[in-house]
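Residue numbers (our numbering): 1 to 142. Positions of the beta carbon are idealized from the N, C-alpha and C atoms, including for glycine. Owing to the predicted nature of the structure, the values given are computational and were not obtained by experimental measurement.
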Amino acid sequence: MSEFVAILMGTLLGALLAFMINLLSNWVWERLFNRPLNKIAGSILIISIIISVLLIVYTQYPAPAIAKGLDDGTENIKASWNNKGVALYNQGNYTGAIYCYDRAIEIDPGYALAWGNKGDALKALYRNAEAEEAFDRAGDGI
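Rendered as structure tokens:
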């Protein structure tokens with residue numbers, strides 16, 4: 001089951017549970033308290049359940065990091081893309097490796113290691129002119 005479906009199912013079950021609790025509270029509180037208090041308590045219950053679900057979803061699935069400048073976060077991201085490219089290169093998936101090196105280069109256009117690795121992958125695909133250009137860019141970045 002995908003994460004989206006699981007979140008949707010959890011949200012729907014939470015809403016159903018809130019509705020059932022509200023019905024039960026309406027039945028009990030109608031006999032014990034007056035209606036305005038019942039409406040306030042039911043509203044607070046529904047709002048608290050909605051806030052709880054939103055907090056759970058927010059903390060479990062944070063927004064992805066978007067690289068804007070060079071700091072510790074982007075250093076890790078570009079190194080991760082480069083390392084993934086190296087792993088794909090070692091498996092013989094040169095096209096996938098080039099894709100990963102390109103993602104690292106998008107984050108830091110002067111990333112010499114990614115340019116050099118991209119040159120190696122292009123050379124393995126016999127794309128020699130592009131490989132030489134990548135090697136030149138790697139030399140410029142050093």
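Residue i to residue j, Cα distance in whole Å?
| i | j | result |
| --- | --- | --- |
| Tyr101 | Glu3 | 28 Å |
| Ala67 | Ala79 | Model confidence at Ala67 stands at a pLDDT of 45, short of 50, so the residue's coordinates are unreliable and nothing is read from them. |
| Val5 | Asn22 | 25 Å |
| Ile51 | Ile77 | 32 Å |
| Glu132 | Asp120 | 9 Å |
Since residue i and residue j are thought to touch, with beta carbons under 8 Å apart, how far apart are those beta carbons, to the nearest angstrom?
| i | j | result |
| --- | --- | --- |
| Ile98 | Lys123 | So it is not a contact: roughly 11 Å between Cβ atoms. |
What does a CB cutoff of less than 7 Å around residue i pick up in its chain, not counting 5 residues either side in sequence?
| i | result |
| --- | --- |
| Glu130 | Leu122 |
| Trp115 | Ile105, Ala134, Arg137, Ala138, Gly141 |
| Leu12 | none |
| Leu125 | Tyr94 |
| Ile7 | Val57 |
Can you say whether residue i is buried or exposed, counting buried as having 16 or more other CB atoms within 10 angstroms of its CB?
| i | result |
| --- | --- |
| Asn82 | buried |
| Tyr89 | buried |
| Tyr94 | buried |
| Gly92 | exposed |
| Ile107 | buried |
Is the CB-CB distance between residue i and residue j below 9 Å?
| i | j | result |
| --- | --- | --- |
| Gly10 | Val53 | yes |
| Arg137 | Ala112 | yes |
| Leu17 | Ile49 | yes |
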